[in-house]
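Below: one structure, written as structure tokens.
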Amino acid sequence: MSYTLDVKREILLKEIESSDEHFWEIYAILKGKLAIEKNKIELKLESLDLANRVYKYLKELNLQIAIKYSISKRFGEHRIYIIEIKKKKGFREFFNKMKSLDEISFEEMSDDAIIGFVRGLFLATGYIKDPQKEYALDFFLDAEDIAYKVFEVLAKLEKRVFITEKRNKKLVYLRNSEDIMDVLVMVGAVQSFFSYEEVTMMKDMKNKTIREINWEVANETKALDTADKQLAMIEYIEKNIEKMSVLLLLKNNKIKYSFLKKEIKKNLYHQNKIINVEMNAQGLSEIVK
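For the sequence shown, the numbering used here begins at -10 and goes up steadily by one.
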């Protein structure tokens, strides 16, 4: 069983007391599944539990309803439940009221209306991913008007919501875990909220621990690199200590190489001069003899 089905089954177990909330839920289901046509309302659902919920509420409105099912072989063989509201007593009033909700803005909607609207769309078109894998809540919608309506509602509830197009459908989606949990509470999936929150907390703790470990490893690596460089420098100094001592001595005494070179040349010049004098004196003494 998918995570989405688990959440939806929890929602379907909840009884609704507010008539306004219930009516908006039915409106959202019918609009989300393109069930409201010109002078006709025909709803097709794959979920038997959701079909029973819709059927039960429509019967409470004293509408004449026909229900049947067909077998679909698309994506594997399964049943499609079809609920049709017959054009008899109460149909026109119900149809006109449904159409009138199209013109109601967010500011005109009550809190119960907002809750019923979001819950109905989620039951009919919503998909929520297991938080162990990814944070994602999507509404896949065929009708552009209802897509922008739910986008407006969630945006004005200060949720980070986005809208795009995917596979010729409008996709309204949330990717922030806190916003998704807020929607779960709004639609009545309280137990799913707690399990979702637990997973997000564990993932956040795990990610934090990994970040801290990575930070410590990076610091240790940096310290080891620095130590290696220092050891290399010490080894170099030990091998070249004599040369470095001379250089340091020269530097400390501020003896420049050019001056030292001149002094050496001067000394050599004087030594050569003395040698020449001695040789000349020796030659002179030999002549005298």
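The beta carbon of each residue, even a glycine, is placed where N, CA and C say it ideally should be.
Asked                                                                                                                                                           : Found
Have a look at E96, I202 and M170 and flag the residue whose alpha-carbon is nearest the alpha-carbon of A125.                                                  : M170
Below 8 Å between beta carbons: does that hold for D119 and Y162?                                                                                               : no
In angstroms, rounded to a whole number, what distance separates the CA positions of E92 and K138?                                                              : 10 Å
Take V277 and list the residues in its own chain whose beta-carbon comes closer than 7 Å to its own, dropping the five residues that flank it on each side.     : Residue confidence for V277 is low, a pLDDT of 38 falling below 50, so the modelled location carries little weight; the figure read from the coordinates is stated next. Closer than 7 Å at the Cβ level, and outside the excluded window around V277, lies no residue.
Starting from the Cα of I72, find the closest Cα among V150, N28, N41 and K218 and give me that residue.                                                        : N41
In whole angstroms, what is the alpha-carbon distance linking H67 and S181?                                                                                     : 27 Å
Rounded to a whole number of angstroms, what is the C-alpha to C-alpha distance between E123 and Q53?                                                           : 43 Å
Of all the beta strand (DSSP E) runs that stay within the bounds of the region 51 to 107, which reach a length of 3 or more residues?                           : 54 to 61 and 67 to 74
So if DSSP puts L32 in a beta bridge, which residue, or which two residues, is it bridged to?                                                                   : I72
Where does Y44 fall in DSSP's three states?                                                                                                                     : helix
What residue does the alpha helix (DSSP H) around K20 start on, and which one ends it?                                                                          : S8 to G21
Kindly give me the distance between the Cβ atoms of F84 and I30, rounded to whole angstroms, as I take these residues to be in contact under 8 Å.               : 7 Å
Exposed or buried, Y225, counting other C-beta atoms within 10 Å across all chains shown (16 or more means buried)?                                             : exposed
How far does the alpha helix (DSSP H) with K138 in it extend, from its first residue to its last?                                                               : E133 to K145
Give the straight-line distance between the Cα atoms of N165 and R149, rounded to the nearest whole angstrom.                                                   : 7 Å
Taking D193 as part of the alpha helix (DSSP H), name the residues at either end of that continuous run.                                                        : V179 to K228
Can the beta-carbon of T114 be found less than 8 Å from the beta-carbon of F129?                                                                                : yes
Any idea if N179 is buried or exposed, counting beta-carbon neighbours within 10 angstroms, 16 or more meaning buried?                                          : According to the sequence provided, residue 179 is Val. The question's Asn does not apply to it. Classification for V179: exposed.
Suppose you measure from the CA of R156 to the CA of K27; what does that come to, to the nearest Å?                                                             : 26 Å
Pull the bridge partners of Y116 from the DSSP assignment, please.                                                                                              : D127
Find out if the Cβ-Cβ distance for the pair L23, A132 is shorter than 8 Å.                                                                                      : yes
Output needed for V43: all residues of its chain with C-beta closer than 8 Å, excluding positions within five of it in sequence on either side, in chain order. : I15, I18, L32, L34 and I72
Kindly indicate which three-state DSSP category K3 falls into: helix, strand or coil?                                                                           : coil
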